[in-house]
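Residue numbers (the numbering used here), protein chains in the order written: chain A, 8 to 492; chain B, 8 to 492.
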């Protein structure tokens, strides 16, 4: 046997069991609000836990076997898929979503922290189910942190081994043994920040329930809201600034936040990715802010808050909305569209290409010009003053190229499925980048309910692809992955 | 002195002299058609030749000095620029174009074989000037062949050394001495094909003048037409098929055409770029053809001819039009848009990314997945059964990335200059790819006259950038190019 199927299934069983346990935490909200979704959620949770438990126990005896690299790929992709599969139960059993395609789209949009929704009236959904919807994103974000610092670097995906080199307690040669410790520290930050945001939003005037939901989906850079109008529902500048701050933090490399919390601000501000992240955000905000101000003649503060909110929301791939950017002047729309390809920091919960890859790309492009003049010289890219191994640079270039190739072919496929030019570009960019809102028919004030059936499945696939850094999923589609050695 | 400025200026003088001599060949047409542009063209030609001659003679004594690599970069870019500068004279002196910006746009669009035009009524322009307009493209195409087989490989640009390895008489280790011989052979093919097309179009019912103009601009994959409606003016299927055939040939690697003419069809059909070129063309034609047929219910032959013409015209970056593709269904428009990034074969007169780079990109992407599983193995990309050196693959990836980065930032810049979203995407893609027509306001039946002034200069820059394979121009913008060693 080539794969350790038993171990793989064992891990999946554990994940499903945990998934069911998380569902149970929605029960108090159904009880408190006395909604009709109490029984459906109980059944969903118990069913999921039961299946997970049986699977886990039935395959337990083999856990002493070592996992191989190939097993890792299978676990990651199948893990996300099985979570999304069982995650549909609360929607379906409660009748909040009346067909499997839509329920699956909504769930995988949650677990991949995308935030694209097919719900046309969110406020009509029962509070227990809505809590589950927000929770899928928070769980997804938690999963991403483990992936980013522990699993992907070991699998050698997209240069991720590079991005964790600075994680607290991690040195490249001692990556493995300290990983559990690191993951725990970062989760602690994740939970701590969620709690802090919850308190601030509550103080700012949100109900406890809404504050909790928004805190969960902010920290996951997910963007599901409990309101139809998204964050635009809350006109309080305080609330909007709090959400901006926490979106930005959620898009910051968690190891940088760790350093920041320990007062090592020098390390943070010397980090090249963080500098680019900060500068890009401010630059785009100023550009768009001026433009919006000139166009609408609002107060300066309002224009810049709207601009800052939308820029941070798109770059961090959160996808909350306080203004309909699709109605802004076309030069602003173009910037928003291009920003969809940025992604925030690696090692955060943000999706997309990630800024550090762009930094390597830009540096390498400039160096390539230098290499033209000195073809025999070996000129490596340097990040944070350290030379980046050529294999990693190569891998990052390949990653970005594949990302763009998938975007281009995906856009063609979406037009063949039957959406217009702009909607195709927007829906593919936003799904692959795990953002949420797109352009055209899936713009910031629209939703994905009108996308044809095939389109919903295709976009679901793109969300998974983007969330798992492309390679993890694509490698399963190659014949040599399955070939016996 | 670091650069051999005298030698550089000497070569530029020669180019300008030749440019003036070419202008003179338009005189017979002014005489024959008895148009008012006779005197302006004579003055343009004599002025250009005089300045070129004086420059050439004044700097002649130093020609014994060897040219260095850096001098090569300067000559290529300045050569194209100075040709475009003097090439504006016939337009300006004849009054066909009333301002310098438009005249420069039209001329550089010619010499870069782009084919984007600011003329709103082409048929109102005198025949002598129109002949000059077509000639700029043909001269540009001639220049590209020299660049592709002789200059760029020596400068190490964008993997071009790889694409000429199969050129007749060229072996990688003996590249330099045989290059003049090779360039001559390929020019012979260029001239021969132009003449053959001229005869066929004349037989097909075009006037000699129109046949000559279209033959000149087809072989250059330029796309300037003497008719306002472009090739749509000629409804004869024979004429359209002849143009399709010669566009396809102009987009074929000229060394493949050389082998083909010598009966070595095996070599041609074993060449991976040619196979991809042929298959891509047919595949897109069938996809679009079916779609257009279903949509408009025309004759099958008409639908497929329209589809084939537009596909070949875009892929080869010619830019002739027989149907307004912007009115076709959105799934077709998306394919046309993506096809703008293909480009035909390297070593042809076509612009854009070039198919061979896409082939390397696709192969490397698939191999990168394999490398994930076997990180220590060295797995090179293979082209035509030979391993491609990693430096070249690296260079090609960097090329494509820079191409896309310029496209993205260029689109943002165009919207800030003041065009809409779709026009920005279309105008940048078509200028950078040296195609001609774009999308939106610069669609296939429109022209570039309404683009704001700054936009015309920016697009002119993009045309030059795309035509000279990016690196040649970009390297001049880096500080270390000008730094003293």
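Heads up, the beta-carbon is just placed ideally off N, CA and C, and yes, glycines get one too. Because the structure is a prediction, the values reported are computed rather than measured.
Please confirm whether residue i and residue j have their CB atoms less than 8 Å apart.
{"i": "residue 337 (chain A)", "j": "residue 427 (chain B)", "result": "yes"}
{"i": "residue 189 (chain B)", "j": "residue 156 (chain B)", "result": "yes"}
{"i": "residue 230 (chain B)", "j": "residue 327 (chain B)", "result": "yes"}
{"i": "residue 356 (chain A)", "j": "residue 226 (chain A)", "result": "yes"}
{"i": "residue 291 (chain A)", "j": "residue 249 (chain A)", "result": "no"}
{"i": "residue 115 (chain B)", "j": "residue 107 (chain B)", "result": "no"}
{"i": "residue 321 (chain B)", "j": "residue 353 (chain B)", "result": "no"}
{"i": "residue 468 (chain A)", "j": "residue 124 (chain A)", "result": "no"}
{"i": "residue 58 (chain A)", "j": "residue 139 (chain A)", "result": "no"}
{"i": "residue 331 (chain A)", "j": "residue 450 (chain A)", "result": "yes"}
{"i": "residue 54 (chain B)", "j": "residue 96 (chain B)", "result": "yes"}
{"i": "residue 287 (chain A)", "j": "residue 362 (chain A)", "result": "yes"}
{"i": "residue 89 (chain A)", "j": "residue 146 (chain A)", "result": "no"}
{"i": "residue 323 (chain A)", "j": "residue 441 (chain A)", "result": "no"}
{"i": "residue 93 (chain B)", "j": "residue 463 (chain B)", "result": "no"}
{"i": "residue 144 (chain B)", "j": "residue 74 (chain B)", "result": "no"}
{"i": "residue 235 (chain A)", "j": "residue 398 (chain A)", "result": "no"}
{"i": "residue 488 (chain A)", "j": "residue 77 (chain A)", "result": "yes"}
{"i": "residue 344 (chain A)", "j": "residue 436 (chain A)", "result": "yes"}
Among the residues of its own chain, which have a CB less than 8 Å from the CB of residue i, if the five just before and after it don't count?
{"i": "residue 196 (chain B)", "result": "261, 264, 265 and 268"}
{"i": "residue 386 (chain B)", "result": "374, 377 and 378"}
Which of the three DSSP states, helix, strand or coil, is assigned to residue i?
{"i": "residue 347 (chain B)", "result": "coil"}
{"i": "residue 452 (chain B)", "result": "coil"}
{"i": "residue 59 (chain B)", "result": "helix"}
{"i": "residue 247 (chain A)", "result": "helix"}
{"i": "residue 227 (chain B)", "result": "coil"}
{"i": "residue 33 (chain A)", "result": "coil"}
{"i": "residue 26 (chain A)", "result": "helix"}
{"i": "residue 486 (chain B)", "result": "helix"}
{"i": "residue 180 (chain B)", "result": "Unreliable placement is indicated for residue 180 (chain B), whose pLDDT of 47 sits below 50; the coordinate value is still reported in the next sentence. It is helical."}
{"i": "residue 463 (chain B)", "result": "helix"}
{"i": "residue 442 (chain A)", "result": "coil"}
{"i": "residue 9 (chain A)", "result": "coil"}
{"i": "residue 47 (chain A)", "result": "helix"}
{"i": "residue 435 (chain A)", "result": "helix"}
{"i": "residue 217 (chain A)", "result": "helix"}
{"i": "residue 66 (chain B)", "result": "coil"}
{"i": "residue 234 (chain B)", "result": "coil"}
Could you name the residues of the same chain whose beta carbon sits closer than 7 Å to that of residue i, not counting the 5 residues immediately before and after it, in chain order?
{"i": "residue 42 (chain B)", "result": "133, 134 and 135"}
{"i": "residue 245 (chain A)", "result": "211"}
{"i": "residue 40 (chain A)", "result": "134"}
{"i": "residue 158 (chain A)", "result": "79 and 83"}
{"i": "residue 420 (chain B)", "result": "465"}
{"i": "residue 497 (chain B)", "result": "The structure shown has nothing for residue 497 (chain B), since chain B only spans 8 to 492."}
{"i": "residue 56 (chain A)", "result": "24, 27 and 28"}
{"i": "residue 316 (chain B)", "result": "247, 251 and 329"}
Which same chain residues end up closer than 6 Å to residue i when comparing Cβ atoms and leaving out the 5 residues on each side of it in sequence?
{"i": "residue 472 (chain A)", "result": "480"}
{"i": "residue 122 (chain A)", "result": "229, 230, 231, 326 and 443"}
{"i": "residue 433 (chain A)", "result": "445, 446, 447 and 449"}
Going straight from the alpha carbon of residue i to that of residue j, what length do you get?
{"i": "residue 180 (chain A)", "j": "residue 187 (chain A)", "result": "Confidence is the limiting factor: at residue 180 (chain A) the pLDDT is only 47, short of 50, which leaves the residue's position unreliable, though a coordinate-based value still follows. Those two C-alpha atoms are separated by around 15 Å."}
{"i": "residue 257 (chain B)", "j": "residue 281 (chain B)", "result": "12 Å"}
{"i": "residue 413 (chain B)", "j": "residue 408 (chain A)", "result": "14 Å"}
{"i": "residue 193 (chain A)", "j": "residue 152 (chain A)", "result": "7 Å"}
{"i": "residue 389 (chain B)", "j": "residue 199 (chain A)", "result": "51 Å"}
{"i": "residue 382 (chain B)", "j": "residue 9 (chain A)", "result": "19 Å"}
{"i": "residue 102 (chain B)", "j": "residue 404 (chain B)", "result": "45 Å"}
{"i": "residue 284 (chain A)", "j": "residue 149 (chain B)", "result": "46 Å"}
{"i": "residue 445 (chain A)", "j": "residue 429 (chain B)", "result": "16 Å"}
{"i": "residue 177 (chain B)", "j": "residue 160 (chain B)", "result": "Residue placement at residue 177 (chain B) is poorly supported in this model, since its pLDDT is 49, which falls under 50; the coordinates still yield a value, given next. Taking the straight line joining both Cα atoms gives about 12 Å."}
{"i": "residue 64 (chain A)", "j": "residue 126 (chain A)", "result": "37 Å"}
{"i": "residue 370 (chain A)", "j": "residue 490 (chain B)", "result": "19 Å"}
- Query: Where are the alpha helix (DSSP H) runs, 4 residues long or more, that stay fully inside the stretch 349-433 of chain A, in chain order?
  - Reply: Counting only runs of 4 or more, we get 362-380 and 397-424.
- Ranges of the alpha helix (DSSP H) found wholly within the stretch 92-161 of chain B, counting only runs of at least 4: Runs of the alpha helix (DSSP H) inside the stretch 92-161 of chain B: 96-101, 107-118 and 134-153.
- Which runs of the alpha helix (DSSP H) fall wholly inside the stretch 264-313 of chain B and span at least 4 residues, in chain order? The qualifying runs are 272-277 and 279-303.
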